[in-house]
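Residue numbers for the sequence shown follow my numbering, so the first one is 9 and each next one is one higher.
Glycine residues also receive a C-beta, built at the ideal position from the N, C-alpha and C atoms.
Presented below is the structure to which this report refers.
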Amino acid sequence: MEAEKSSNGKLQRILTKFTYNNATIAIGLFFVISGLSYYFAWAEYFDAWTDPGLYSLVVVLLAFGIMAIILGETKKRISTVKR
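Structure follows, in structure tokens:
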């Protein structure tokens, strides 16, 4: 019974930290990390560091990732100011 209560408490703490803002930041980080890793993996494998097709995909991933991180941080600041 006690173990069940403590696990419910841990679950509640995890769920309170999982907000829309944090999810937006996590998705943004995923885009940034995947864009950078794709660039380095492709460039290393094909030895093509200046491929325009590679740039076109990586720039889109990085742009959406950075915008998502900025959006999440801005919404987080706005929500703390309103309280």
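Candidates T88, G80, V89: closest to A31 by CA position: G80
I33 beta carbon less than 7 Å from that of I77: yes
Nearest-angstrom Cβ-Cβ length linking A71 and L62, presumed shorter than 8 Å: About 15 Å separates the two Cβ atoms, so there is no contact after all.
Among I22, K18, G43, T24, the one whose alpha carbon lies nearest that of V66: G43
Sequence-distant residues of the same chain with beta carbon closer than 8 Å to V40, five excluded per side: L69, L70, G73, I74, I77
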